[in-house]
Amino acid sequence: MKIMVCLKQVPHQDARLDVRADGTWIQEDNIKFEINSYDTYGLEEALRMKDAAGSGEVIVVSIGPDRVTQSLRTALGMGADRAIHVKDPEADAADALGSAKLLAAIAKAESPDVIFTGLMSDDGNAASVGPMLAELLGIPSTTSVMKVEKANGALTVERELEGGALEVVELQRPCLLAVQTGINQVRYASLKGIMAAKKKPIETRSVADLGLAGKVGAAANKVKIEKIAPPPKGKGAEMVTGPTADVVGRLVSKIKELGLL
Amino acid sequence: MGTILVIAEIQNGKVREASLELVSFARRLAGAGYGEVKSLVIGSGVHGAAEELAKQGGGEVLLADGPAFANYNVGAFAQAVRAAVAAARPSLLLLSNTPVGWDVAPRIAAALDGAFVSDCFNLELEGGKLVCHRRVFNGKLDARVAPLAEPVVATVQPGATPAFNGTADGKVTKLEVSLGELKSKFVATRIAEKKGVDLSKAEIIVSGGRGVGAPEKFPEVIQPLADALGGAMGASRPVVDAGWLPHEYQVGSSGQVVTPKLYIAAGISGAIQHLVGMKNSNFIIAINKDADAPIFEVANLGVVGDLFEIVPALTKAVKEAKGQA
Ligand SMILES: Cc1cc2nc3c(=O)[nH]c(=O)nc-3n(C[C@H](O)[C@H](O)[C@H](O)COP(=O)(O)OP(=O)(O)OC[C@H]3O[C@@H](n4cnc5c(N)ncnc54)[C@H](O)[C@@H]3O)c2cc1C
Ligand SMILES: Nc1ncnc2c1ncn2[C@@H]1O[C@H](COP(=O)(O)O)[C@@H](O)[C@H]1O
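Protein chains in written order, with this note's numbering: chain A, -12 to 248; chain B, 4 to 328.
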């Protein structure tokens, strides 16, 4: 059983978000990064699937600059067997379809039985790369996955719909599952795992290595972020300021006014 | 620019509200000179819904009707869209950012080698060019995105605009779809069983988010305020994902939709999926240490500060007011 897990490294959820000088993305210098929350759940699910199968290999793949090595090490520490780092400025500049093309080239070379992605990334919130990758590979996919079961070569999964409804879908393998957060409880890397990870390989690939020179990157992108900015402020809330005692006093009198106290 | 294809969703035999919102965007773009509006309806025994859509601004409605479409299947749905694309040659395809839309739209964009923009809250023509507006970083920043190629496939946030409510002359055209092999299949839908707290009945809800930081802080800090007010405790999704509280406490698009008389949000940033679950509450108080948190946009009263200071102080004051302290 060979499982590929796509990991994106994203700004830490508590990082300061300042718009950088050219106005098209955030200032990424001097902030902390982490593995996209959705992808930690994907990795955990892959590790459990390998354990249940009794044998196999979990390969983690990430496109990104040098700093991504750290997230790949973390993933290896959690139990992944091998890592592939697509390290190339052209790859970093790719849009979602470009990223999917890079990941597809790796998947074609590795032929995994199952591919895990996150439903979406915490930074761009695109929720695009997973299904795109499946389409490029001609394999079935499903999204918002909350449960995975194996039966007779196929996978039966539950995907989350709205308002507490779930949909049960059966997929032939190979297939791609874009997981939702909360599908499992994610393990931490153990000390032993971290030590073992030091000996595990991280291979690197360039865009050219993947046969996509000129086909992926800034010049090939089909969408462009022209500008990011804080959302315009609407009327907003009436802000209560001052010492805690005053703030609390104001809240209590409001709750009384509402007839709830 | 050219034809706009609205890909409608049918729910319980009717066109979904979100699909009529797509018609609004399509009509607006058409009015600004983008091109003609057409639609696609996919389902089984949905001719009536297609007729309705044709009267409600959907233009020529292509109808893929057959038992294979009785339940949503990503492969079947995608093939119907491909057939509609071959027939209508759209330069813009609009879907809703719903469990159907986010499942199939990126696949369609990849198959067409087109430009994909997800979860837009606005699409407009500027100087004859399409621009899309969407949120990034869970609503903390807005992005303006320009498609650089056609066709453009865009998904739109439900509720981003009112449903189209004009009338227009349309017609229904049957679309033949030859379904190839399907590599996945629909098995069933089910409703997760509801147990424990039914937040929809609570008059007062005090919800804690990821900012509460640790599971034990819910009984220590959030629950006491809920108790003092005689209300119920709620939570945002990350709290439930982390296993700090069971799912029945979750408020939002994948949890419960609540409309209490008073909703207090502590340590919740205000991502759209949370907001759709509580923004229609009668009165909202938000407590967050980040003055720019989007939750303050929907709140009536806002406090910028540390919840671990404000919430216990408020609990004490409420008890005093009730003469319990
Ligand atoms: C398909 C889908 C469905 C979803 N469904 C739901 C849903 O039903 N419900 C839901 O809630 N989310 C849902 N989400 C997740 C949603 O996108 C957000 O990730 C989530 O709502 C964020 O929760 P949060 O505000 O608690 O966390 P964060 O966004 O991380 O915010 C934490 C906040 O706490 C503040 N804070 C930290 N410490 C303190 C302190 N000491 N005092 C005061 N403030 C503090 C921070 O400033 C921050 O604003 C869904 C997502 C998807 C993609
Ligand atoms: N740079 C990347 N490297 C590896 N995987 C990625 C990358 N970008 C996106 N993905 C995968 O695609 C999923 C959806 O991301 P997105 O479409 O960017 O919201 C993520 O959860 C990852 O699993």
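Ideal placement from N, C-alpha and C gives every residue a C-beta, glycine not left out.
Straight-line measurement puts the Cα of B:Gln253 at about 9 Å from the Cα of B:Ser210. In this structure, the C-beta of B:Asp106 stays at least 6 Å away from each heavy atom of ligand 2. In the three-state reduction of the DSSP assignment, B:Glu55 falls in the helix class, which pools H, G and I. Around A:Pro99, no beta-carbon contact reaches into chain B at under 7 Å, the shortest distance being about 15 Å.
Chain order gives no chain A residues near B:Leu182, where near means a beta carbon separation below 9 Å; the closest approach is about 14 Å. Within the same chain, and ignoring the five residues on either side of B:Phe286 in sequence, the residues whose Cβ sits closer than 6 Å to its Cβ are Leu265, Asn303. When DSSP states are grouped into helix, strand and coil, B:Glu206 belongs to the coil group.
At least one heavy atom of ligand 1 lies closer than 6 Å to the C-beta of B:Asn141. Taking the CA atoms as reference points, A:Thr130 sits about 5 Å from A:Ala165. The three-state secondary structure of B:Gly270, taken from DSSP, is coil. Residue side-chain check: B:His136 keeps its Cβ at 6 Å or more from all non-hydrogen atoms of ligand 1.
A:Gln57: member of the alpha helix (DSSP H) spanning 55 to 65, first to last residue.
By the criterion of a C-beta distance shorter than 7 Å, B:Leu23 is surrounded in its chain by Gln59, Ala166, Phe167, once the five residues flanking it on both sides are discounted.
For A:Ser177, there are no neighbours in chain B by C-beta distance under 7 Å, as the nearest C-beta there is about 19 Å away. Judged by DSSP in its simplified three-state form, B:Arg240 adopts helix. DSSP, reduced to helix, strand and coil, places B:Asn141 within a helical segment of the structure shown. Listed in chain order, the beta strand (DSSP E) elements of length 3 or more contained wholly in the stretch 196 to 232 of chain A are 210 to 216. By the Cβ rule, the stretch 243 to 262 of chain B does not count as touching the stretch 287 to 298 of chain B, because fewer than three pairs are nearer than 8 Å. Within the same chain, Val(-8), Phe103, Thr104, Gly105, Val166 come within 7 Å of A:Gly29 by CB-CB distance, once the 5 residues on both sides are set aside. Within 10 angstroms of the beta-carbon of B:Met236 lie 16 or more other beta-carbons, which makes it buried. By the Cβ test, the stretch 114 to 125 of chain B is in contact with the stretch 150 to 158 of chain B, since at least three Cβ pairs between them sit closer than 8 Å.
Per DSSP, reduced to three states, the secondary structure at B:Gly305 is strand.
Counting only the Cα atoms, B:Gly214 lies some 10 Å from B:Ser239. At a C-beta separation below 7 Å, A:Gln172 has these neighbours in chain B: Gly246. In the DSSP secondary-structure assignment, A:Ala2 is not bridged to any residue. Take A:Ile46, set aside five residues on each side of it, and the residues of its chain with a beta-carbon closer than 8 Å to its own are Lys(-11), Ile(-10), Met(-9), Val(-8), Ala67, Asp68, Arg69, Ala70, Ile71, Glu97, Pro99, in chain order. With a threshold of 16 other beta carbon atoms within 10 Å, B:Gly131 falls short and is exposed. The way I'd put it, the stretch 116 to 127 of chain A doesn't touch the stretch 33 to 49 of chain A; fewer than three beta-carbon pairs between them come closer than 8 Å. For A:Ala138, the enclosing beta strand (DSSP E) stretches over residues 128 to 138. Proximity of chain B to A:Gln159 at the Cβ level (cut-off 8 Å) is accounted for by Lys186, Ser187, in chain order. Residue pairing by DSSP puts B:Val155 in a beta bridge opposite B:Leu95, B:Ala118. Three or more beta-carbon pairs separated by less than 8 Å are not found between the stretch 177 to 184 of chain A and the stretch 211 to 231 of chain B, which leaves the two stretches without contact.
Annotation for A:Asp109: no beta strand (DSSP E) segment contains it, and DSSP assigns it neither H nor E.
At a cut-off of 7 Å between C-beta atoms, B:Lys220 does not count as an interface residue with respect to chain A.
Neighbours of A:Ile126 across chain B, judged by C-beta separation under 9 Å: Lys186. At a cut-off of 7 Å between beta-carbon atoms, B:Asp293 makes no contact with chain A.
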